[in-house]
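To convert, count from 1 in the sequence shown and add 21; that's my numbering.
Virtual Cβ for every residue (Gly too), placed ideally from N, Cα, C.
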Amino acid sequence: MSHAVVAVELAKVYRRYQHKNQFRTLKSAILTGSLLSDLRPEETFTALDGVTFEVPKGATFGVIGENGSGKSTLLKLLAGITKPTRGRLQVEGRVSALIELGAGFHPEISGRENVMINGIMLGLSRRQVQERFQEIVAFAELERFIDAPVKTYSSGMYARLGFAVAIHVDPDVLLIDEVLAVGDEAFTRKCLDKIGEFRRRGRTIVIVTHSLGLVEKMCDDVLWLREGKGVGRGDPKRVVDAYLTYVAGGEEALLAREHGRAPAETAEAPAAGPGGTEAGHGYREGRWGDREVEIARVRLLDARGRERHVFVSGEPLTLAMDVRARTATTDFVFGVGLFTADGVAVYGTNTDLEDFVPEALEGEAEVRFEIGALRLVEGSYLLDVAAHKRDGTPYDYHRGLYSFRVRSHTKDVGVHRPEHRWSFAGGVAMRSAPRPELDLREE
């Protein structure tokens with residue numbers, strides 16, 4: 022199988038800017054051969070380190086990773102914008118890079134003149150640019166403004182024209198770096214359709230994106246970069262799931278550090294509480310009460326009984342509270358409140374509202390609130406827990422001290438995802454595509 026891109030042990034090292042050495046000249050560095058070699062490790066930054074991969078001709082290849090992982094640096098190497106420090110890189114055919122749209126445009130001249138100049142810079146002849154000019158302008162939706170100076174364009178117009186020029190060069194290898202949000206939804210769909218046309222024509226595409234759904238849908242192969250190194254490569258679903266598990270681990274560690282952090286004592290209870298009225302814009306963190314009944318520990322447990330802070334929409338969650346009563350009592354209520362990260366009430370209830378009659382509480386006990394299926398859309402959520410008397414007098418209120426995150430492949434909106442189904446009748450046909458499972462749990 023022939024390859025459009027071959028990268029072997031690819032590395033890119035940059036020199037860090039240091040004020041004390043700012044007057045060292047390029048000429049002196051070249052003459053002494055010391056442009057990078059005599060720099061100490063702390064004076065350099067390795068953006069890519071030993072990355073190896075191949076992209077077959079006609080394949081769509083995705084590159085994913087966190088910010089600063091080396092994705093854009095890799096694309097700039099593929100585009101020829103910069104050269105590798107070490108390793109071997111081979112790219113076959115004409116390359117068009119959608120990296121910094123319109124980066125070569127001159128603001129003082131018209132869009133028409135910029136299209137001509139950029140088309141020639143990207144490898145077309147003057148005649149080829151002229152033949153494709155009307156199609157480029159129509160695609161960018163700039164017929165009325167093409168003779169105006171580019172400096173008068175909005176950022177969206179500027180980016181649309183850059184995309185239109187690059188996409189109409191008819192390249193053998195198309196490089197895309199997070200540039201699909203170059204207009205409104207209709208224009209984004211048109212860009213995706215054009216990229217889909219490239220795929221059908223057997224052209225090679227390398228795409229860098231944070232849109233993991235797009236990667237799973239469009240890519241034949243995926244490379245995962247982390248801190249400049251390739252840490253995963255292969256089937257899109259497998260690599261994306263591994264990446265999400267890694268990201269969830271970072272979120273898990275962060276939320277675990279924040280879980281149950283000690284708050285400043287609140288002298289007076291806010292008006293709203295778990296199982297009571299919604300908090301609205303008055304929501305604020307705190308803890309209050311006389312602690313005659315104390316909530317000593319709160320844990321969020323998954324189906325296997327393990328403590329976690331990142332869950333998949335639809336899986337079960339158990340809220341476990343370790344409770345301690347200083348003296349025996351028969352007057353007690355336990356409550357739970359669920360809020361979005363900005364304090365909007367999602368749900369609240371307590372044992373009194375649900376007709377549980379307290380009979381005895383003494384010493385240490387455990388109270389569990391079990392959610393069979395966490396029907397929430399993707400996002401971060403806050404939990405309130407409370408122990409109080411039946412008349413509302415607080416024993417121990419914890420407000421906003423516990424948080425968890427819900428992840429989902431479905432990017433729907435709102436808060437609650439109810440049980441639902443679709444049905445179709447008459448002259449309509451729909452096929453349900455299989456959805457990959459999103460499992461962030463450790464094996």
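Self-check item: Three-state secondary structure (DSSP) of residue 77
Solution: strand
Quiz prompt | For residue 85, the three-state DSSP class (helix, strand or coil) | solution = strand
Self-check item: Residues sharing a beta bridge with residue 371, DSSP
Solution: 356
Quiz item: What residue from 183, 170 and 227 has the CA that sits closest to residue 198's CA?
Solution: 227
Exercise. Measure from the alpha carbon of residue 311 to the alpha carbon of each residue in 345, 323, 338 and 336, then state which is nearest.
Key: 345
Exercise. Flag this pair as yes or no: are the beta carbons of residue 85 and residue 309 separated by less than 9 Å?
Key: no
Quiz item: Where does residue 374 land, buried or exposed, given buried means 16+ other C-beta within 10 angstroms?
Solution: exposed
Quiz prompt | Cutoff 7 Å; reference residue 27; Cβ partners in own chain excluding five residues on either side | solution = Contacts found: 75 and 111.
Exercise. Over the uninterrupted beta strand (DSSP E) stretch that includes residue 308, give me the two end residues.
Key: Note, residue 308: beta strand (DSSP E), 307-309.
Exercise. On the DSSP bridge assignment, give the partners of residue 315 in chain order.
Key: 345
Quiz item: Hey, would you say residue 359 sits closer than 9 Å to residue 418, going by beta carbons?
Solution: no
Exercise. Specify whether the region 255-267 and the region 230-241 touch according to this definition: at least 3 beta carbon pairs, one from each stretch, less than 8 Å apart.
Key: yes
Practice problem: Locate the alpha helix (DSSP H) running through residue 94, then write down its first and last residues. | Solution: That run of the alpha helix (DSSP H) goes 92-100.
Quiz item: Which stretch, first to last residue, makes up the beta strand (DSSP E) that contains residue 169?
Solution: Counting along the chain, residue 169 falls outside any beta strand (DSSP E), and DSSP gives it neither H nor E.
Quiz item: Does the Cβ-Cβ distance between residue 347 and residue 379 come in under 9 Å?
Solution: no
Practice problem: Hey, could you find the ends of the beta strand (DSSP E) residue 396 is sitting in? | Solution: Neither: residue 396 is in no beta strand (DSSP E) and is coded neither H nor E.
Quiz item: What distance in whole Å lies between the Cβ atoms of residue 89 and residue 69, which are believed to be in contact at a cut-off of 8 Å?
Solution: Contact doesn't hold; Cβ gap of about 12 Å is too wide.
Self-check item: Backbone CA spacing between residue 307 and residue 169 [nearest angstrom]
Solution: 58 Å
Practice problem: Measure the beta-carbon distance from residue 388 to residue 425 and round it to whole angstroms, keeping in mind my assumption that it falls under 8 Å. | Solution: Going by Cβ atoms, the distance from residue 388 to residue 425 rounds to 18 Å, so no, they are not a contact pair.
Quiz item: Considering only residues of the same chain and omitting the five flanking positions on each side of residue 372, which have a CB-CB separation below 8 Å?
Solution: So the qualifying residues of the chain are 354, 355, 356 and 379.
Quiz item: So the alpha helix (DSSP H) residue 153 belongs to, where does it begin and stop?
Solution: 147-161
Exercise. Please state whether DSSP places residue 216 in a helix, a strand or coil.
Key: helix
Practice problem: Can you grab the Cα-Cα spacing for the pair residue 332 / residue 438, in whole Å? | Solution: Straight-line measurement puts the Cα of residue 438 at about 14 Å from the Cα of residue 332.
Quiz prompt | residue 29 - partner residues in DSSP beta bridges | solution = 109
Quiz item: What is the DSSP secondary structure of residue 126, reduced to helix, strand or coil?
Solution: coil
Self-check item: Test item: CB-CB of residue 10 and residue 195 under 9 Å
Solution: No statement about residue 10 is possible, as the shown extent of the chain runs from 22 to 464 and does not include it.
Self-check item: Enclosing beta strand (DSSP E) for residue 254 [first to last residue]
Solution: 250-255
Exercise. Please classify residue 363: does DSSP put it in a helix, a strand, or coil?
Key: coil
Practice problem: List the DSSP bridge partners of residue 66. | Solution: Looking at the DSSP assignment, residue 66 forms a beta bridge with 35.
Quiz item: Secondary structure at residue 389, three-state DSSP: helix, strand or coil?
Solution: strand
Self-check item: DSSP state of residue 266 mapped onto helix, strand, coil
Solution: For residue 266, the secondary structure class from DSSP, reduced to helix, strand or coil, is helix.
Quiz item: According to the neighbour-count rule (16 or more other Cβ atoms, all chains shown, within 10 Å of its Cβ), is residue 376 buried or exposed?
Solution: exposed
Practice problem: State the Cα-Cα distance for the pair residue 430 and residue 400, rounded to the nearest angstrom. | Solution: Rounded to the nearest angstrom, the two C-alpha atoms are 12 Å apart.
Quiz item: Cα separation between residue 191 and residue 215?
Solution: 11 Å
Self-check item: Sequence-distant residues of its chain with Cβ nearer than 8 Å to residue 367 (five each side left out)
Solution: 359, 360, 361, 397, 402, 436 and 437
Self-check item: Residue environment, residue 44, which counts as buried when at least 16 other CB atoms sit within 10 Å
Solution: Note that residue 44 has pLDDT 46, beneath the 50 cutoff, so the model's placement of it is unreliable and no number is given.
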